[in-house]
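Undergrad: Residue numbers (the UniProt record's numbering): 1 to 335. C-beta atoms are modelled at their ideal positions from N, C-alpha and C, and glycine is treated no differently.
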């Protein structure tokens, strides 16, 4: 995006954000209890080498995250997601405006940077872990694509399925272009993408960063803290679409729950759909195995219209939440 268009976009967005922050749903009273579920992925400082190698929409900086928690405490009752669901299921009183913090995947930086802030502010959260990737050096396929395209062009110029997606195959693409490539590739089944990546060398990291998830010792410490509840995010982050074999889909749901319960010695009662994808079979199986599940669909949950296995969330990342007005605009449900 050019600097001129960026400035123009901000000139339009800033007054809209202020209006939404001041007068949005989070500022209004309601006779129906409401639940905001915030969706975070990575918490990284700007000088961390992992920061520049990640999609911008995945990151919030630690200082910003701390500001978020303090701002949220002024407007909401911050509550563990499972507690809110338990109260709703038992028809017990609910806070008028509740907010639950969630993290997807189980990144090591959640332990390094987010966990100390949660402890300092005494704010509960739910972490959805990809069970069979915890404690390994495995990467999600978008990170492998990211790493590959950050390497010199000779490493990927001959890959025919990537070439049509790159405007200049002779030049290392910028992060915005890489994000576009990843978004385009999401139309393909995970099995095909993993098959294609297995045929090429993606071991080079394109920037010397470590994209690993946390290990079991770290996850156990978080789970034992009393602040962090752990939920399932499948075994391998396979998207639960109709193109995923039914037996694989069911195994991803059952085995992830079993593995997390065995490793953490705690019940695993919440689920998160990878990439927000959910087919009919997935919805049916999740409702048998878990108490509730979160999607990536944007919105605010109302107790009288709740779909417990398709809970709405509000995605949060640095560019759209690095000020009180920007976060307020996200919470408004308008922007």
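If you draw a straight line from the C-alpha of residue 147 to the C-alpha of residue 113, how long is it?
TA: For this step, residue 147 is matched to residue 147 along the chain shown. For this step, residue 113 is matched to residue 113 along the chain shown. Their backbone Cα atoms lie some 23 Å apart in a straight line.
Undergrad: Quick one: Cα of residue 76 to Cα of residue 297, how far?
TA: Position 76 of the chain shown, counted from the first residue, corresponds to residue 76. Position 297 of the chain shown, counted from the first residue, corresponds to residue 297. Near 21 Å, if we compare the C-alpha coordinates of residue 297 and residue 76.
Undergrad: Give me whichever residues DSSP pairs with residue 315 in a beta bridge.
TA: Numbered from its first residue, the chain shown carries residue 315 at position 315. BP columns for residue 315 point to 39.
Undergrad: Near residue 8, what residues of its chain come up, given a Cβ to Cβ distance below 6 Å and the 5 sequence neighbours on each side ignored?
TA: Taking the chain shown and counting its residues from 1, one reaches residue 8 at position 8. Unreliable positioning characterises residue 8 in this predicted model, as indicated by a pLDDT of 43, which lies under 50. A coordinate reading is not provided.
Undergrad: Report the residue from 171, 237 and 160 whose alpha carbon sits nearest the alpha carbon of residue 149.
TA: Counting from one through the chain shown, the residue named residue 149 turns up at place 149. Cα-wise, what sits closest to residue 149 is 171.
Undergrad: Would you kindly work out how many angstroms separate the C-alpha atoms of residue 50 and residue 238, rounded to a whole number?
TA: If you number the chain shown from 1, residue 50 lands on position 50. If you number the chain shown from 1, residue 238 lands on position 238. In a straight line, the C-alpha of residue 50 is about 23 Å away from that of residue 238.
Undergrad: Are residue 129 and residue 213 closer than 9 Å when you measure CB to CB?
TA: If you number the chain shown from 1, residue 129 lands on position 129. If you number the chain shown from 1, residue 213 lands on position 213. In this structure, residue 213 lies closer than 9 Å to residue 129 by Cβ.
Undergrad: In chain order, what are the residue ranges of uninterrupted alpha helix (DSSP H) at least 4 long that sit wholly in the stretch 71-152?
TA: Segments of the alpha helix (DSSP H) lying fully in the stretch 71-152: 81-89, 115-121 and 141-149.
Undergrad: Given this structure, state the Cα-to-Cα distance separating residue 234 from residue 252, to the nearest angstrom.
TA: As a working note, residue 234 is residue 234 in the chain shown. As a working note, residue 252 is residue 252 in the chain shown. Going by the C-alpha atoms only, they are around 5 Å apart.
Undergrad: Can you check which of these residues, 219, 326 and 46, is closest to residue 14 by C-alpha distance?
TA: On the chain shown, residue 14 is found 14 positions in, with the first residue counted as 1. Considering only alpha carbons, the answer is 326.
Undergrad: Going by DSSP, what residue range makes up the beta strand (DSSP E) through residue 231?
TA: For the purposes of this step, residue 231 is taken as residue 231 along the chain shown, with counting starting at 1. Where residue 231 is concerned, the enclosing beta strand (DSSP E) stretches over 228-232.
Undergrad: CA-CA distance, residue 95 and residue 31?
TA: What you label residue 95 is simply residue 95 of the chain shown in a count that begins at 1. What you label residue 31 is simply residue 31 of the chain shown in a count that begins at 1. Rounded to the nearest angstrom, the two C-alpha atoms are 11 Å apart.
Undergrad: What's the call for residue 217, buried or exposed, on a 16-neighbour Cβ count within 10 Å?
TA: The residue given as residue 217 occupies position 217 in the chain shown. Residue 217 comes out exposed.
Undergrad: Evaluate residue 23 with the Cβ neighbour count: other Cβ atoms within 10 Å of its Cβ, from every protein chain shown; 16 or more gives buried, anything less gives exposed.
TA: The count along the chain shown starts at 1 and reaches residue 23 at position 23. Exposed, since its Cβ has fewer than 16 Cβ neighbours within 10 Å.
Undergrad: Taking buried to mean at least 16 other C-beta atoms within 10 Å of its own C-beta, is residue 84 buried or exposed?
TA: Translated into the one-based positions of the chain shown, residue 84 becomes position 84. Per the 10 Å Cβ criterion, buried.
Undergrad: Evaluate residue 288 with the Cβ neighbour count: other Cβ atoms within 10 Å of its Cβ, from every protein chain shown; 16 or more gives buried, anything less gives exposed.
TA: In the chain shown, the residue the question calls residue 288 occupies position 288. Answer is exposed; the Cβ neighbour count stays below 16.
Undergrad: Quick one: what does DSSP say residue 240 is sitting in, helix, strand or coil?
TA: If you number the chain shown from 1, residue 240 lands on position 240. Note: residue 240 maps to strand in three-state DSSP.
Undergrad: Nearest to residue 107 by CA position, among 100, 80 and 140, is which residue?
TA: Locating residue 107 in the chain shown gives position 107, where the first residue counts as 1. Minimum Cα distance to residue 107 is reached at 140.
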